[in-house]
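Under the working numbering, think of the first position of the sequence shown as 88, with each following residue one higher.
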Amino acid sequence: MLVKNPQFEISAVRQSQYPTSGLPEVVLVGKSNVGKSSFINTMINRKKLARTSSEPGKTRQINFYNIDEKFYFVDLPGYGYSKMSKKEQEEVGKFIDEYLYTRKEIALIIFLLDIRHEPTNNDRIMYNYIISSKIPFIILTNKADKLAVTKVEQAMLHIQKSINPIGDIVTLPFSSERKIYTDDVWKEIENII
Ligand SMILES: Nc1nc2c(ncn2[C@@H]2O[C@H](COP(=O)(O)OP(=O)(O)O)[C@@H](O)[C@H]2O)c(=O)[nH]1
Ligand SMILES: [Mg+2]
Numbered sequence: 088m089l090v091k092n093p094q095f096e097i098s099a100v101r102q103s104q105y106p107t108s109g110l111p112e113v114v115l116v117g118k119s120n121v122g123k124s125s126f127i128n129t130m131i132n133r134k135k136l137a138r139t140s141s142e143p144g145k146t147r148q149i150n151f152y153n154i155d156e157k158f159y160f161v162d163l164p165g166y167g168y169s170k171m172s173k174k175e176q177e178e179v180g181k182f183i184d185e186y187l188y189t190r191k192e193i194a195l196i197i198f199l200l201d202i203r204h205e206p207t208n209n210d211r212i213m214y215n216y217i218i219s220s221k222i223p224f225i226i227l228t229n230k231a232d233k234l235a236v237t238k239v240e241q242a243m244l245h246i247q248k249s250i251n252p253i254g255d256i257v258t259l260p261f262s263s264e265r266k267i268y269t270d271d272v273w274k275e276i277e278n279i280i
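What follows is the structure, given as structure tokens:
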């Protein structure tokens with residue numbers, strides 16, 4: 088997809104602030120610092136429309152990016168940021184739940200994992216949650232640029248086996264750093280919206 092006019096629309100801190108246009112939503116889910124905001128910037132070819140941070144856990148809002156009036160990319164707060172207190176983590180958890188449980192517009196969840204690391208306990212909780220929600224989703228193993236090209240496929244399959252042993256969920260490598268594999272992800276998005 089050729090994105091022409093992506094716009095930041097709103098940072099919502101409560102449900103009443105979610106957009107009301109009814110456009111489908113493609114949601115980025117994953118632990119803090121896995122690359123959710125960078126993913127959005129890469130896909131829309133803008134350096135910093137979505138706010139990225141080397142200091143993870145800073146974004147506590149749900150950010151909606153209107154992509155050419157066709158759909159929204161939705162940047163959820165990351166979970167599992169170790170420097171957050173238990174209470175803060177619970178608050179973020181509730182906030183994520185509230186959106187994922189109630190939002191009818193969600194068309195696709197893009198679940199990001201780090202291609203180099205075994206999924207965490209929180210990743211597994213999120214995976215099970217997504218499965219039970221029945222919302223369509225795909226898995227991206229991100230930061231593929233950190234590995235030699237020849238190792239990417241094997242590492243991706245390892246992560247897939249670990250989190251989705253049946254292997255029925257579309258799993259693709261990704262790298263915001265190198266802007267590779269974007270066409271494959273666009274195909275998945277276009278199939279849904
Ligand atoms: N090498 C590499 N670094 C990445 C990639 N994606 C994100 N990062 C870096 O990881 C950090 C966190 O990224 P960010 O998009 O803010 O993560 P978020 O917390 O999930 O939104 C930043 O320093 C990014 O530059 C990637 O594909 N490759
Ligand atoms: Mg972010």
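Cβ atoms here follow ideal geometry from the backbone N, Cα and C, with glycine treated the same way.
This one's a predicted model, so the numbers in the text were calculated from it and none came from an experiment.
With 16 as the cutoff for other CB atoms within 10 Å, does V114 come out buried or exposed?
-> The residue labelled residue 114 in the question sits at position 27 within the sequence shown. Under this definition V114 is a buried residue.
Out of P223, N92, Y166, state which residue places its alpha-carbon closest to the alpha-carbon of I280.
-> Here residue 280 refers to the residue found at position 193 when the sequence shown is read from its first residue. Looking at the Cα atoms, P223 is the closest of the given residues.
Per DSSP, what kind of secondary structure is D162 in: helix, strand or coil?
-> Residue mapping note: residue 162 aligns to position 75 of the sequence shown, counting from 1. Of the three classes helix, strand and coil, the one that applies to D162 here is strand, per DSSP.
Between D232 and ligand 2, is the CB less than 7 Å from at least one heavy atom?
-> One-based indexing of the sequence shown puts residue 232 at position 145. Every heavy atom of ligand 2 is 7 Å or more from the Cβ of D232, so no.
Alpha carbon of M130 to alpha carbon of V236, nearest angstrom | Sequence index remark: in the sequence shown, residue 130 carries index 43 (1-based). Sequence index remark: in the sequence shown, residue 236 carries index 149 (1-based). Each residue's alpha carbon lies about 21 Å from the other.
For P93, which beta-bridge partners are listed by DSSP?
-> For the purposes of this step, residue 93 is taken as residue 6 along the sequence shown, with counting starting at 1. P93 is bridged to I154.
Looking at the structure shown, is D255 part of a helix, part of a strand, or coil, going by DSSP?
-> Mapped onto the sequence shown, residue 255 falls at position 168. Coil, per DSSP.
For the beta strand (DSSP E) that D210 lies in, which residues bound it at each end?
-> Numbered from its first residue, the sequence shown carries residue 210 at position 123. No beta strand (DSSP E) contains D210, which is instead part of the alpha helix (DSSP H) from 208-220.
Locate the beta strand (DSSP E) running through T107, then write down its first and last residues.
-> Walking along the sequence shown from the start, residue 107 turns up at place 20. Careful: T107 lies outside any beta strand (DSSP E) and carries neither H nor E.
Please classify K118: is it buried, with 16 or more other beta-carbons within 10 angstroms of its beta-carbon, or exposed?
-> For the purposes of this step, residue 118 is taken as the residue at position 31 of the sequence shown. Classification of K118: buried, given that the 10 Å Cβ count is 16 or more.
Please list, in chain order, all residues of the same chain as N92 whose beta carbon is under 7 Å from its beta carbon, the five residues on each side excluded.
-> Taking the sequence shown and counting its residues from 1, one reaches residue 92 at position 5. So the list reads D155, once near-sequence residues are dropped.
Could you pull the start and end residues of the alpha helix (DSSP H) that I246 belongs to?
-> Along the sequence shown, one-based indexing puts residue 246 at 159. Run containing I246: 236-250, per the alpha helix (DSSP H) assignment.
Cα-Cα separation between P111 and E277, rounded to whole angstroms | The count along the sequence shown starts at 1 and reaches residue 111 at position 24. The count along the sequence shown starts at 1 and reaches residue 277 at position 190. Rounded to whole angstroms, the separation of the alpha carbons of E277 and P111 is 11 Å.
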